[in-house]
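Numbering (the working numbering), first residue to last: 152 to 476.
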């Protein structure tokens, strides 16, 4: 499938000052958050195993946790891409898109990520990979249809910002582990009735069964809350890095407004546990559910981006953004 080639990518980046390199503390913080996330989700798996299977369940859960953590670190990017049916986008089908990604990656001082396409009309994008050397950027076909060149570049810069800030590892780990816990809890809920009531004849059997049932109901919520603890702040940081990469915070702000509207019109509910990976929440939720949103509010993100305009040294023109190189 060929994608629109109307995006002009001819621009000279020569002479532009280097991107600031003050990301050491951010990377250290993300490493700490990843460790805490892994520890928290591992503890949750061990508790479930012990409650449902006693000593044997605890041993099985411990083995499962080791395999799960190993797989999450080394293969979480491939799992996330496979879950959404992402396919590598050949260079010849969209050379302008590959050139845009390559230019932004060079600006960020990192290798060019692999480029993937998601065959869905829902406009969105995400980045994945455990490090800049093992990164990928995935865009939906709907995204390529509704954004202009400036806005698309802003979105790609945001995703490359995630990679540069080492956000992608913690994002994919959280998506993989939370998805596994949620799935395991559902399976145990529907097919684990005998385990839930196994101790009815023992002392406190009914109480234990109710406690086990409560644990299975609470486990997915706890996994979601752990995701929320590490998700929202990443978006603000990637917005700022993306705006710095392009020198055009308004481009990303305009794109976010379009994508928010797109999520309302074409929600994307495949693998909800991975919704925090995307640049905007693909599941349009309002009311009380907004309290559990994995993304900060779009109006606040747009407000912050608009406020960055003066600090980037750029100015709008009738034909678009004029970069200050």
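For each residue, glycine too, the CB sits at the ideal point set by N, CA and C.
Small disclaimer: the values here were computed from a predicted structure and weren't measured.
request  = Give the straight-line distance between the Cα atoms of residue 201 and residue 234, rounded to the nearest whole angstrom.
outcome  = 29 Å
inquiry  = I'd like to check one pair, residue 308 with residue 397: are the Cβ atoms closer than 7 Å?
reply    = Closer than 7 Å, so yes.
key: For residue 427, the nearest candidate out of 409, 448, 402 and 383 (CA to CA)   = 383
task = Taking 7 Å as the cut-off, decide whether the C-beta atoms of residue 275 and residue 433 are in contact.
result = yes
ask   = Ordered along the chain, which non-local residues of its own chain (more than five positions away) have a Cβ less than 7 Å from that of residue 390?
value = Non-local C-beta neighbours of residue 390 in its own chain, meaning closer than 7 Å and more than five positions away in sequence, comprise 309, 403, 452, 455 and 456, ordered along the chain.
heavy atom of the ligand FMN below 6 Å from residue 226 C-beta = Ligands in the displayed structure: none, and consequently the ligand FMN is not present.
ask   = Residues in its own chain within less than 7 Å of residue 394 by CB, not counting five upstream and five downstream?
value = 400, 403, 456, 459 and 463
ask   = residue 266 and residue 278: beta carbons closer than 7 Å?
value = no
query = To the nearest angstrom, how far is it from the Cα of residue 192 to the Cα of residue 429?
reply = 21 Å
message = Restricting to Cα atoms, I'd like to know which of 406, 225 and 425 is closest to residue 296.
response = Nearest C-alpha to residue 296: 406.
inquiry  = Report the CB separation of residue 199 from residue 240 in whole angstroms; it is logged as a contact under 8 Å.
reply    = At roughly 39 Å, the Cβ-Cβ gap does not stay under 8 Å, so residue 199 and residue 240 are not in contact.
inquiry  = Just to confirm the assignment, what range does the beta strand (DSSP E) spanning residue 252 have?
reply    = From DSSP, residue 252 is part of no beta strand (DSSP E) but of the alpha helix (DSSP H) over 246–258.
request  = Just grab the DSSP bridge partners of residue 239 for me.
outcome  = 267
message = Counting C-beta neighbours from all protein chains within 10 Å, is the total for residue 186 16 or more, i.e. buried, or is it exposed?
response = Residue 186 is exposed by the Cβ-count criterion.
inquiry  = Quick check: residue 212 and residue 196, are their CB atoms within less than 7 Å of each other?
reply    = Yes, the Cβ-Cβ distance between residue 212 and residue 196 is below 7 Å.
ask   = Taking C-alpha atoms, which residue in 421, 305, 385 and 237 lies nearest to residue 256?
value = 305
key: Per DSSP, the bridge partner or partners of residue 417   = BP columns for residue 417 are empty, so no partner.
query = Under a Cβ-count criterion, where at least 16 other Cβ atoms within 10 Å of its own Cβ denotes burial, should residue 283 be classed as buried or exposed?
reply = buried
task = Using beta-carbon positions only, say whether residue 229 and residue 321 come within less than 7 Å of one another.
result = no
query = Whose C-alpha, out of 290, 416, 392 and 258, is nearest the C-alpha of residue 232?
reply = Relative to the Cα of residue 232, the nearest Cα in the group 290, 416, 392 and 258 belongs to 290.
ask   = Excluding sequence positions up to five away, which residues of its chain have a Cβ less than 8 Å from the Cβ of residue 420?
value = 433 and 434
message = Taking its Cβ as the centre, do 16 or more other Cβ atoms sit within 10 Å of residue 372, making it buried, or is it exposed?
response = Exposed: under 16 other Cβ atoms inside 10 Å.
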